[in-house]
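Written below as structure tokens is the structure these notes are about.
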Amino acid sequence: LRKTLKVRTIFNLLGPLLNPLQPTGQVIGVNHPTLVTTFAEVLSQLGTKRAVVLHGYEGLDEAGLGDKSKLAILSDYASAYPSDRQIHPLELDPQDLGFSRTPIAQLKGGDVAENAEVLQAVLKGGGTQAQQDVVVLNAAFALYVAEVVPSTDDYLTAFAKTVVMARDIVNSGLAWQKLEQLAQFLKA
105 LRKTLKVRTI FNLLGPLLNP LQPTGQVIGV NHPTLVTTFA EVLSQLGTKR
155 AVVLHGYEGL DEAGLGDKSK LAILSDYASA YPSDRQIHPL ELDPQDLGFS
205 RTPIAQLKGG DVAENAEVLQ AVLKGGGTQA QQDVVVLNAA FALYVAEVVP
255 STDDYLTAFA KTVVMARDIV NSGLAWQKLE QLAQFLKA
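Residue numbers (my numbering): 105 to 292.
In structure tokens, the structure reads:
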């Protein structure tokens with residue numbers, strides 16, 4: 105129905121918040137910078153332990169390479185009580201994590217088949233440098249939320265560590281292998 109309407113509705117916003125699995129961590133992109141902190145607050149009230157809510161200032165609901173991104177990091181770091189979650193706002197420049205500034209035009213996709221080919225190439229360790237970088241940057245946030253690095257209030261250092269991990273995973277082709285394993289599991 106949302107695709108048929110071809111306009112954003114309240115359901116585009118509610119969808120990521122209504123996950124019946126109730127994950128303890130999430131990365132959520134929003135379509136406007138004013139929603140970043142609000143979504144983090146809602147996730148906190150829903151009991152989410154760790155989250156990154158973000159908006160790319162290029163008009164993206166993910167982190168981009170051509171401009172900064174606004175983030176709200178939900179974390180219970182330095183808290184003696186798990187219910188005392190804290191929201192930490194952050195503006196992140198991809199250059200601070202070693203990425204080159206890349207205009208969004210270099211990431212523009214095509215039709216579904218073309219985009220699937222690009223995704224497959226990137227997950228197998230190929231694609232353009234810009235395509236790899238944007239996947240690595242956003243995957244780094246997922247690795248952070250998955251707690252593969254210890255909690256800290258130095259988010260830039262934590263993200264730098266997860267960027268290295270994400271790049272290693274993408275370059276090795278392991279990301280594609282895991283996607284294939286998931287597909288096989290879902291077919292069974």
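Glycine included, each C-beta is placed from N, C-alpha and C at the ideal position. None of these values were measured; they are calculated from a predicted model.
{"Check": "Starting from arginine 154 and walking both ways along the beta strand (DSSP E), at which residues does that stretch end?", "Outcome": "154-160"}
{"Check": "Around the C-beta of threonine 152, are 16 or more other C-beta atoms found within 10 angstroms, so that it is buried, or is it exposed?", "Outcome": "buried"}
{"Check": "Of the choices Asn219, Ser179, Leu147, Pro198, whose alpha-carbon is the least far from that of glutamate 251?", "Outcome": "Ser179"}
{"Check": "For the candidate residues Arg205, Ile208, Gln235, whose alpha-carbon lies nearest to that of asparagine 219?", "Outcome": "Gln235"}
{"Check": "Given 8 angstroms as the limit, is there contact between the segment 275-290 and the segment 162-169, that is, 3 or more CB pairs closer than that?", "Outcome": "no"}
{"Check": "So for lysine 174, helix, strand or coil by DSSP?", "Outcome": "strand"}
{"Check": "Just verifying my parser: in three-state terms, what is the DSSP assignment at glycine 119?", "Outcome": "helix"}
{"Check": "Taking all protein chains shown into account, decide if alanine 184 is buried (16 or more other Cβ within 10 angstroms of its Cβ) or exposed.", "Outcome": "Low local confidence applies: a pLDDT of 44 at alanine 184 is under 50, so the model's placement there is unreliable, with the coordinate-based value given in what follows. Exposed: under 16 other Cβ atoms inside 10 Å."}
{"Check": "Only counting the same chain, and skipping five residues up and downstream in sequence, which positions put a Cβ closer than 7 angstroms to that of alanine 264?", "Outcome": "Leu201"}
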